[in-house]
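From first to last, the protein sequence lines stand for chains A and B. Following UniProt numbering, the numbering of the first sequence begins with 1 at its first residue and continues without gaps. Following UniProt numbering, the numbering of the second sequence begins with 1 at its first residue and continues without gaps. Quick reminder that beta carbons are idealized off the backbone N, C-alpha and C, glycines included. Computed from a predicted model, the values in this text were never measured in an experiment.
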Amino acid sequence: MIQLEGVTKHYPRSNRPSVEDVNVFIDKGEFVFFIGPTGAGKSTMIKLLLREEVPDKGKITVGDTDVTRLRRWKVPAYRRSIGCVFQDFRLLPNRTAAENVAFALEVIGKPRSVARRVVPEVLELVGLGGKEHRYPHELSGGEQQRVAVARAFVNRPLLLLADEPTGNLDPDTSIEIMRLLDRISRTGTTILMVTHDSNIVNQMRRRVIEIENGQIVRDQARGVYG
Amino acid sequence: MRAKYVMSEVFLGLWRNISMTIAMIITMAVSLTMLGAGLLLYNQVDVIERHYQTNLEVVVYLQQDIDQATTDQINAELKESDLVAEVQYESKEEAYERFQETFEDTPDLVKSVDAEALPPAFRVKMKDIADAPELQKQFEGREGVFQVTNQREILQQVFDILGGAQRLTLIIALVQGVAALMLVANTIQVAAYSRRREVAIMKLVGAPNWFVQAPFVLEAVFAGVIGSIFAFGTLIAAKFLVIDGQFADLFKLMPPITMQAILIQLPILVGVSAVISAITAWITLRFNIKV
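Quick look at the structure:
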């Protein structure tokens, strides 16, 4: 599903974290935690997978796509096969929960009839049935993150990238979000989650990849935060 | 659906940044008015040239006391010349009549000139007016010839003035145009910044590039089109108030700037401003919104 071969990315003119000769293979449907100290290069990995950045060296393959050789104009189509969730939710404040989810369909040209059918389904799936018409500021942090997950999942992506999705949430809410991600993972979606939350990692017991100074220092099936 | 979204974003963007939008439209309107005026002048020079091309003459003025034999000889030589198409003799009396006609609006001037003061002349139509200087050289200073004038030279001064005015308008158009485009670039940057959330999310979910960029490019195009319509209105107003109004007498000396010549400016100005605004916006976006 995802293959990184000798991936290297440096930022010579800034102190953004770099990535050094990373080799990883992640299978379809796997749930993988990326852990490591701040500035280790975890988010850089996410950026590389999203093709926001291009590696200096090495090859990244996601599904059948060679991301490193992807033409600029093909990037949007590639991103449609990836869902994304962030610590800060990234919802549009002037749109309701349903509209935020529909936005993802709208901007890629899906007809309105599709949105009318799919959006309530996916909001129901993330446990927001009945709150479709609330605005983000009328929702709790956990609920906002559920909207974000719904938006990421509405196109049924093959891969879901989550960059500290529980970073702004209290422990109980975090666990709810993790249950949700777990459910999504069971549908066959590969999930790659960056986190600092040791409790979650220890409870979930999934594959753990630890990164330090841009290099993989541990890759363990059913691992703990350590 | 998407078109509706794009249009609402365009107007929201322009409205949110209304002072900049107005500044952009004003500078564009000024620049395009100047461009339009420059193009009209260019056109006008052409019209005048064509208008006079067939009517331009070389006038060979003769001495007051010339005798008939010399007159006939000059006449014969002019008619023999390969450069000449037509020769017409104008006696003193005819010259005075013509003078009276030309200046009938200023009887004082007519009165002050003695009928005897005007010289007889040959009015020569050239095959090609460009050859006039050669003919001038041949007859200037000859016995019986007082002076040879080439009307083209007089007209040349008019052309020089029009040419100068045209250059001036085009320079102003260029300078204002640069200012307008910088405002476009700035407006686009501000718009891109105020919509960075939407843009980030759109890119994240894989909205095509054209769709992300469309609202910004259309904002610039919209401002450009409004600016060009104002410029067009200014040209129309100038036609009625200046050319046909206050300075109507001045403009009587040359063929009029027709309404048609002004109307044709509308598509030109709209097209030029829309295309240049769109290109400027698009280039600005390449630096501000990275894929």
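Starting from the Cα of residue 238 of chain B, find the closest Cα among B/263, B/214, B/217 and give me that residue. Ranking B/263, B/214, B/217 by Cα distance to residue 238 of chain B puts B/263 first.
Bridge partners - residue 60 of chain A, DSSP secondary structure assignment: A/4
I'd like the span of the alpha helix (DSSP H) that includes residue 162 of chain A, first residue to last. Counting along the chain, residue 162 of chain A falls outside any alpha helix (DSSP H), though it belongs to the beta strand (DSSP E) covering 159 to 163.
Rounded to whole angstroms, what's the CA-CA distance from residue 64 of chain B to residue 114 of chain B? Just pull it up for me. 13 Å
Excluding sequence positions up to five away, which residues of its chain have a Cβ less than 6 Å from the Cβ of residue 189 of chain A? 160
Between the Cα of residue 258 of chain B and those of B/236, B/29, B/160, spot the shortest distance and give me the residue it belongs to. B/236
Pull the bridge partners of residue 147 of chain B from the DSSP assignment, please. B/61
Residues that residue 204 of chain B contacts on chain A, provided the C-beta gap is smaller than 7 Å: 79, 84
For the alpha helix (DSSP H) that residue 125 of chain B lies in, which residues bound it at each end? Per DSSP, residue 125 of chain B belongs to no alpha helix (DSSP H); it is in the beta strand (DSSP E), 121 to 126.
Return no unless some Cβ of chain A is closer than 7 Å to the Cβ of residue 276 of chain B. Closer than 7 Å: no.
Three-state class that DSSP yields for residue 82 of chain A in the structure shown: strand
Between the stretch 102 to 133 of chain A and chain B, which residues of the former have a C-beta closer than 8 Å to a C-beta of the latter? If the cut-off is 8 Å between Cβ atoms, the stretch 102 to 133 of chain A has 103, 104, 106, 107, 108, 109, 111, 112 near chain B.
So, using beta-carbon positions, are residue 58 of chain B and residue 255 of chain B closer together than 7 Å? no
Under 8 Å Cβ-Cβ, which residues of chain B neighbour residue 92 of chain A? 197, 198, 201
Please report whether the beta-carbon of residue 208 of chain B lies at a distance below 7 Å from any beta-carbon of chain A. At least one beta carbon of chain A lies nearer than 7 Å to the beta carbon of residue 208 of chain B.
Any C-beta of chain B within less than 9 Å: which residues of the stretch 62 to 77 of chain A qualify? 72, 73, 75, 76, 77
Considering only the beta carbon of each residue, do residue 78 of chain B and residue 122 of chain B sit closer than 7 Å? yes
In whole angstroms, what is the alpha-carbon distance linking residue 52 of chain B and residue 229 of chain B? Distance between the alpha carbons of residue 52 of chain B and residue 229 of chain B is about 34 Å.
Going by Cα to Cα distance, which pick from A/110, A/213, A/219 is closest to residue 205 of chain A? A/219
Label residue 182 of chain B either buried or exposed according to how many other C-beta atoms from any shown protein chain fall within 10 Å of its C-beta, with 16 as the threshold for buried. Residue 182 of chain B should be labelled exposed.
Residue 277 of chain B to residue 180 of chain B span [Cα, whole Å]: 9 Å
Indicate whether the contact test is met: 3 or more Cβ pairs, each with one atom in the stretch 213 to 227 of chain B and one in the stretch 4 to 18 of chain B, closer than 8 Å. yes
Per DSSP, cross-strand counterpart(s) of residue 9 of chain A: A/19
Residue 52 of chain A: first and last residue of the uninterrupted beta strand (DSSP E) it sits in: Careful: residue 52 of chain A lies outside any beta strand (DSSP E) and carries neither H nor E.
Residues near residue 40 of chain B by beta carbon distance below 8 Å, same chain, minus five either side: Within the same chain, residue 40 of chain B has close Cβ partners 235, 257, 261, 262, 265.
7 Å Cβ cutoff met for residue 146 of chain B and residue 119 of chain B: yes
Can you pull the chain A neighbours of residue 2 of chain B, defined as C-beta to C-beta under 9 Å? 106, 107, 109
Buried or exposed for residue 198 of chain A, going by 16 or more other Cβ atoms inside 10 Å? By the 10 Å Cβ count, residue 198 of chain A comes out exposed.
Return the chain-ordered list of same chain residues with a C-beta closer than 8 Å to the C-beta of residue 103 of chain B, the five sequence neighbours on each side being excluded. 109, 110
Using a Cβ-Cβ cut-off of 6 Å (strictly less than) and excluding sequence neighbours within five positions of residue 135 of chain B, which residues of its own chain qualify? 58, 83
Using three-state DSSP, classify residue 72 of chain A as helix, strand or coil. helix
Leaving out the 5 sequence neighbours to the left and right, which residues in its chain are closer than 8 Å to residue 126 of chain B when beta-carbon positions are compared? 56, 57, 58, 83, 84, 85, 132, 135
On the criterion of 16 or more Cβ atoms from any shown chain inside 10 Å, does residue 171 of chain A qualify as buried, or is it exposed? exposed
What is the residue span of the alpha helix (DSSP H) that residue 187 of chain A lies within? Unbroken run through residue 187 of chain A: none, as it is neither H nor E.
Taking just the CA atoms, how far does residue 15 of chain A sit from residue 290 of chain B? 20 Å
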